[in-house]
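So the sequences go chain by chain: A and B. Count along the first sequence starting at 1, add 376, and that's the number in my numbering. Count along the second sequence starting at 1, add 11, and that's the number in my numbering. Built from N, CA and C at the ideal position, the CB exists for glycine as well. Keep in mind it's a predicted model, so treat the numbers as computed, not measured. Have a look at the structure below, then the notes.
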Amino acid sequence: MNKIEAKKVNVFYGDKQALFDINMDIPERQVTALIGPSGCGKSTFLRCLNRMNDVIEICKVEGEIKINDYDINQKSTDVVRLREKIGMVFQKPNPFPKTLYENISYGPEIHGMAQSKDELDQIVEDSLKKAALWNEVKDRLHEPGTGLSGGQQQRLCIARAISVKPEVILMDEPCSALDPIATAQIEELIDELKKEHTIVIVTHSMSQAARVSQQTGFFHLGKLIEVGSTDKIFKNPNQQQTQDYITGRFG
Amino acid sequence: MTEKPHTVKSYEEQLQQLTNNLVIMGGNCETALGNSIKALCNNDNTIADTVINNDTVIDNFESQIEQEVVDLIALRQPMAIDLRETVTALKISSDLERIGDLAKNISKRTKLINNNLPYNLTQSIERVGAIVQKQLKLVLDSYTNRSPEIALDVWEKDEEVDNLTNLCMEEVIKYLKSGNENIEYGSHLLFVTKNIERIGDHVTNIAEQIYFLVKGSYLEGDRPKGSQPIVNGEK
């Protein structure tokens, strides 16, 4: 079943068109990877999925993006509510300059998800456990989140994203600043998270896309050249452009 | 699909080197097969010795190709067409190595026979040998040209090889039956015929690999089979 359906999505930054007629279905509880060279529009497309492009003044998004059959580009959409349902993890870990506990509790608190301190404690613990970080930090929950290693900080950000029980998690190059061990931990985490969440990940690492995703979309110069099962894309893609990119024949 | 070159030149060179080695290895196998049949039919031990001695060259190519494939996988992580190039090179080299061994075995038996054989027998063996040789040449051409069409032709022609092998087997069996003194040579000739037919099978394996290499999908259905074998073998 499709969680997200994008139809004829066009994005403009001022006069410059960044995405051209993107049609893409994103299946539920699977990992979809978006690959392509820098500037191809993959992050722009990712940011369309929770209307993060709204914060860029000159950015204009056209077309339809339906999540659970609801068009998120409607004027009446409550974007705060939308981003509660569609969380995001960025390239650089960006914990709040607060304690580990507060990093996680902030979201559930503002969304009124906990009725008591105990309930909030439970959400913090569950989120850290799901992000495979609990054992490493359970004795220092009231220390600053910025004191963690890069990999731990990124898992903290994932814990923060999942604390509000999002249905979709968007990840924009979540491992590009991490070492191979931290990367493997995040990839393992992605495998676990897909049991409950739909994940869309932008990555520059083709081997990472091949390892973690079930569906892959290849973007080039603002167009979605090909989308299909990851298996097919990396073994025998339909489009020559896709093959040239994944095999390292650039330019 | 003609591929444009890789951005990283050394990667391109490594893949090219792999293809080149496989083509040279294939050429060696063609020579070995041709010579092994020539040696048998002309009772020429010198040529038979050449085949036997040159088999190490073919074996060394197999080891070399295996090493190159492992290096490519470990260091380059090839994908899509490059992955198929790499994996099929490994499989094709292993079929070629077997072809070399079977040709060598024909030559070893030639030396044990060391006698002029009846004309009708050598003619039958030459006939099946020639078609297998042609098949081998075509399959190597299809690899060089990345032609799934030629590969498919080769694959479909295996039936003819089977039929000619069976005719040849019948000749050998007649020869065996015609006198006790023929038992020793006749037994060798049964193996020789079987070896040629096995080479034909390896050629069709290679054809299947080339089809997969270019198309990215496997040839479907059973390989066409000729008449029932006279002597049941490994097939």
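Checklist entry - Does the beta-carbon of A:Tyr446 have 16 or more other beta-carbons within 10 angstroms, so that it is buried, or is it exposed? => result Numbered from its first residue, the first sequence carries residue 446 of chain A at position 70. A:Tyr446 counts as exposed, since fewer than 16 other C-beta atoms from the protein chains shown sit within 10 angstroms of its C-beta.
Next on the checklist: I'd like to know whether the C-beta atoms of A:Thr606 and A:Ala586 end up nearer to each other than 8 Å.
Outcome noted: The sequence position of residue 606 of chain A within the first sequence is 230, counting from 1. The sequence position of residue 586 of chain A within the first sequence is 210, counting from 1. Yes, Cβ-Cβ distance for A:Thr606 and A:Ala586 is below 8 Å.
Item to check | C-beta atoms of B:Asp173 and B:Lys115 nearer than 8 Å | outcome: Taking the first residue of the second sequence as position 1, residue 173 of chain B is located at position 162. Taking the first residue of the second sequence as position 1, residue 115 of chain B is located at position 104. No.
Checklist entry - What is the DSSP secondary structure of A:Gln528, counted as helix, strand or coil? => result By 1-based counting over the first sequence, the position of residue 528 of chain A is 152. Correct three-state label for A:Gln528: helix.
Item to check | Interface flag, B:Asp106 vs chain A, CB-CB below 8 Å | outcome: The count along the second sequence starts at 1 and reaches residue 106 of chain B at position 95. So, not an interface residue.
Checklist entry - Does any residue of chain A bring its CB to less than 8 Å from the CB of B:Met36? => result Indexing the second sequence from 1 puts residue 36 of chain B at position 25. No - not a single Cβ of chain A is within 8 Å of the one on B:Met36.
Checklist entry - Thinking just about the alpha-carbon of each residue, which of B:Cys52, B:Lys15, B:Ala59, B:Lys102 is nearest to the one in B:Leu10? => result Given that chain B is displayed from residue 12 to residue 246, the structure contains no residue 10 of chain B and the question cannot be resolved.
Checklist entry - Do A:Pro484 and A:Cys533 have their CB atoms nearer than 8 Å? => result The sequence position of residue 484 of chain A within the first sequence is 108, counting from 1. The sequence position of residue 533 of chain A within the first sequence is 157, counting from 1. No, the Cβ-Cβ distance between A:Pro484 and A:Cys533 is not below 8 Å.
Checklist entry - Who are A:Glu602's beta bridge partners in DSSP? => result The count along the first sequence starts at 1 and reaches residue 602 of chain A at position 226. Note: A:Glu602 sits in a beta bridge opposite A:Phe594.
Item to check | DSSP state of A:Ile434 mapped onto helix, strand, coil | outcome: In the first sequence, residue 434 of chain A corresponds to position 58, counting from 1. Three-state result, A:Ile434: coil.
Checklist entry - Grouping DSSP H, G and I as helix and E and B as strand, with all else coil, what is A:Asn386? => result Position 10 of the first sequence, counting from 1, holds the residue named residue 386 of chain A. For A:Asn386, the three-state secondary structure derived from DSSP is strand.
Next on the checklist: What does the alpha-carbon distance come out to for the pair A:Gln393 and A:Arg423?
Outcome noted: The residue labelled residue 393 of chain A in the question sits at position 17 within the first sequence. The residue labelled residue 423 of chain A in the question sits at position 47 within the first sequence. In this structure, the straight-line span from the alpha carbon of A:Gln393 to that of A:Arg423 is close to 15 Å.
Item to check | Sub-8 Å separation of A:Ile398 and A:Ile380 beta-carbons | outcome: As a working mapping, residue 398 of chain A is identified with position 22 in the first sequence. As a working mapping, residue 380 of chain A is identified with position 4 in the first sequence. Remark: C-beta atoms of A:Ile398 and A:Ile380 do not approach each other more closely than 8 Å.
Item to check | Euclidean distance between Cα positions of A:Phe421 and A:Glu602 | outcome: Residue 421 of chain A sits at position 45 when you count from the first residue of the first sequence. Residue 602 of chain A sits at position 226 when you count from the first residue of the first sequence. If I take the Cα positions, the gap works out to 14 Å.
Checklist entry - Are the CB atoms of B:Val68 and B:Asn39 nearer to each other than 8 Å? => result Looking up residue 68 of chain B in the second sequence gives position 57. Looking up residue 39 of chain B in the second sequence gives position 28. Their beta carbons are under 8 Å apart, which means B:Val68 touches B:Asn39 by this criterion.
Item to check | B:Ile207 - containing alpha helix (DSSP H), residue span | outcome: Your numbering for residue 207 of chain B matches position 196 in the second sequence. Element bounds for B:Ile207: 194 to 226.
Checklist entry - Just checking my contact of B:Leu83 with B:Thr97 at CB under 8 Å: how many whole Å lie between their CB atoms? => result As a first step, residue 83 of chain B must be located in the second sequence, where it is residue number 72. As a first step, residue 97 of chain B must be located in the second sequence, where it is residue number 86. With 8 Å as the limit, B:Leu83 and B:Thr97 qualify as a contact, their Cβ atoms being about 5 Å apart.
Checklist entry - Listing by chain order, which chain A residues have their CB less than 7 Å from the CB of B:Met93? => result Working through the second sequence from its first residue, we reach residue 93 of chain B at position 82. Per the sequence shown, residue 93 of chain B should be read as Asp rather than Met. For B:Asp93, the neighbours in chain A by C-beta distance under 7 Å run, in chain order, Thr623.
Checklist entry - To the nearest angstrom, how far is it from the Cα of B:Asn206 to the Cα of B:Phe223? => result Residue numbering aside, residue 206 of chain B sits at position 195 when the second sequence is read from its first letter. Residue numbering aside, residue 223 of chain B sits at position 212 when the second sequence is read from its first letter. If I take the Cα positions, the gap works out to 26 Å.
Item to check | Limits of the beta strand (DSSP E) - the one that A:Lys392 falls within | outcome: As a first step, residue 392 of chain A is located in the first sequence; it is residue number 16 there, counting from the start. 392 to 403 is the span of the beta strand (DSSP E), which, as asked, contains A:Lys392.
Next on the checklist: Would A:Phe610 and B:Ala91 be called neighbours here (beta carbons separated by less than 8 Å)?
Outcome noted: What you label residue 610 of chain A is simply residue 234 of the first sequence in a count that begins at 1. What you label residue 91 of chain B is simply residue 80 of the second sequence in a count that begins at 1. Yes, the pair counts as a contact, with Cβ atoms nearer than the cut-off.
Checklist entry - Do A:Ala535 and A:Leu509 come within 8 Å of each other at the CB atom, strictly closer than that value? => result Residue mapping note: residue 509 of chain A aligns to position 133 of the first sequence, counting from 1. Residue mapping note: residue 535 of chain A aligns to position 159 of the first sequence, counting from 1. It is a contact, given that the beta carbons lie within the stated cut-off.
Checklist entry - So what's A:Lys442 in DSSP terms, helix, strand or just coil? => result Here the question's residue 442 of chain A lines up with position 66 in the first sequence. Strand at A:Lys442.
Item to check | Limits of the unbroken beta strand (DSSP E) element including A:Thr408 | outcome: For the purposes of this step, residue 408 of chain A is taken as the residue at position 32 of the first sequence. Per DSSP, the continuous beta strand (DSSP E) segment holding A:Thr408 begins and ends at 407 to 411.
Item to check | Members of the stretch 602 to 619 of chain A near chain B, C-beta cut-off 7 Å | outcome: Flagged, chain order: Phe610, Lys611, Asn612, Pro613, Gln616, Gln619.
Checklist entry - Does A:Gly627 come within less than 8 Å of chain B when only Cβ atoms are used? => result The residue you call residue 627 of chain A lines up with position 251 of the first sequence. Yes - at least one Cβ of chain B is within 8 Å of the one on A:Gly627.
Item to check | Beta-carbon proximity list for A:Lys506, same chain, < 6 Å, skipping 5 on both sides | outcome: Within the first sequence, the letter at position 130 stands for residue 506 of chain A. Contacts found: Ile538.
Next on the checklist: Suppose you measure from the CA of B:Lys15 to the CA of B:Val225; what does that come to, to the nearest Å?
Outcome noted: Translated into positions along the second sequence, residue 15 of chain B becomes position 4. Translated into positions along the second sequence, residue 225 of chain B becomes position 214. Roughly 15 Å between the two C-alpha positions.
Checklist entry - So, using beta-carbon positions, are B:Thr133 and B:Ala50 closer together than 8 Å? => result Stepping through the second sequence from its first residue, residue 133 of chain B is reached at position 122. Stepping through the second sequence from its first residue, residue 50 of chain B is reached at position 39. Against a cut-off of 8 Å, the Cβ pair of B:Ala50 and B:Thr133 comes out as no contact.
Checklist entry - Going by other Cβ atoms of all chains shown within 10 Å of its Cβ, with 16 needed for buried, is A:Leu597 buried or exposed? => result The residue labelled residue 597 of chain A in the question sits at position 221 within the first sequence. A:Leu597 should be labelled exposed.
Checklist entry - Using the beta-carbon of each residue, which ones in chain B are nearer than 8 Å to A:Met582? => result Taking the first residue of the first sequence as position 1, residue 582 of chain A is located at position 206. Within chain B, the C-beta atoms nearer than 8 Å to that of A:Met582 come from Met90, in chain order.
Checklist entry - Are the beta-carbon atoms of B:Glu182 and B:Asn131 separated by less than 8 Å? => result For this step, residue 182 of chain B is matched to residue 171 along the second sequence. For this step, residue 131 of chain B is matched to residue 120 along the second sequence. Contact check for B:Glu182 against B:Asn131 passes: the beta carbons are separated by less than 8 Å.
Checklist entry - Tell me which same chain residues have a C-beta within less than 7 Å of the C-beta of B:Gly244, skipping the five on either side of it? => result As a first step, residue 244 of chain B must be located in the second sequence, where it is residue number 233. Here B:Gly244 scores only 47 on pLDDT, less than 50, and its place in the model should not be relied on; the value that follows carries that caveat. The residues are Lys205.
Item to check | First and last residue of the uninterrupted beta strand (DSSP E) at B:Thr42 | outcome: Locating residue 42 of chain B in the second sequence gives position 31, counting from the first residue. Element bounds for B:Thr42: not the beta strand (DSSP E) but the alpha helix (DSSP H), 20 to 52.
Checklist entry - What are the residues of the stretch 14 to 36 of chain B that lie near chain A, defined by any Cβ-Cβ distance shorter than 8 Å? => result Residues of the stretch 14 to 36 of chain B with a C-beta atom less than 8 Å from some C-beta of chain A are Glu14, Lys15, Pro16, His17, Thr18, Val19, Tyr22, listed in chain order.
Checklist entry - Would you report the Cα separation of A:Leu565 and A:Glu501, rounded to the nearest angstrom? => result On the first sequence, residue 565 of chain A is found 189 positions in, with the first residue counted as 1. On the first sequence, residue 501 of chain A is found 125 positions in, with the first residue counted as 1. CA-CA distance, A:Leu565 to A:Glu501, rounds to 16 Å.
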